[in-house]
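Asker: Just add 6 to wherever you are in the sequence shown, counting from 1, and you've got the numbering used here.
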Amino acid sequence: MSYDSTVRVPTTKASRYLQQLCKHWSHNLAVEFSEQKGAVIFPRNARGADWPGDATLLMQAHDDGLECWLEASAAGQLEALKGAVARHIDRFAFREAPLAFDWRDTLNG
7 MSYDSTVRVP TTKASRYLQQ LCKHWSHNLA VEFSEQKGAV IFPRNARGAD WPGDATLLMQ
67 AHDDGLECWL EASAAGQLEA LKGAVARHID RFAFREAPLA FDWRDTLNG
């Protein structure tokens, strides 16, 4: 079972924030990115956690926003990562923060 959530964050600086976020997390996490797409793997045991599995963040930059897809192994893991993603993007977008994060959750069995 996986817990998923998607959001499209309105901004004209999506590519910039995607690259900043990926560069930041690449110091501690498995990250792949280009100017338009990014992928981050959060290990199940990151920062002392003990989740059932790893979590994944996929990002796509658009002219009018940054699209993010989170897939987690537990509801608590998903909630924690939604907060972490929002806080980090807002930190990079400090001139226009707080940005709107209207997460849409789905449960996949």
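Glycine included, every Cβ here is placed at the ideal spot set by N, Cα and C.
Note that this is a predicted model, so its numbers are computed, not measured.
With a threshold of 8 Å, are at least 3 pairs of Cβ atoms found where one atom belongs to the region 102–111 and the other to the region 25–45?
Answerer: Contact fails: fewer than three Cβ-Cβ distances are below 8 Å.
Asker: What residues match up with residue 76 in a beta bridge as DSSP calls it?
Answerer: Position 70 of the sequence shown, counting from 1, holds the residue named residue 76. In DSSP, residue 76 forms a bridge with 11 and 63.
Asker: Could you spell out where the alpha helix (DSSP H) holding residue 98 opens and where it closes?
Answerer: Against the sequence shown, residue 98 aligns to sequence position 92. Taken as a continuous stretch (DSSP letters only), the alpha helix (DSSP H) holding residue 98 covers 81–98.
Asker: Please state if the CB of residue 25 and the CB of residue 43 are separated by a distance shorter than 7 Å.
Answerer: Position 37 of the sequence shown, counted from the first residue, corresponds to residue 43. Position 19 of the sequence shown, counted from the first residue, corresponds to residue 25. No, the pair does not count as a contact, with Cβ atoms beyond the cut-off.
Asker: Ends of the alpha helix (DSSP H) at residue 29?
Answerer: Position 23 of the sequence shown holds residue 29. Residue 29 -> alpha helix (DSSP H) spans 20–31.
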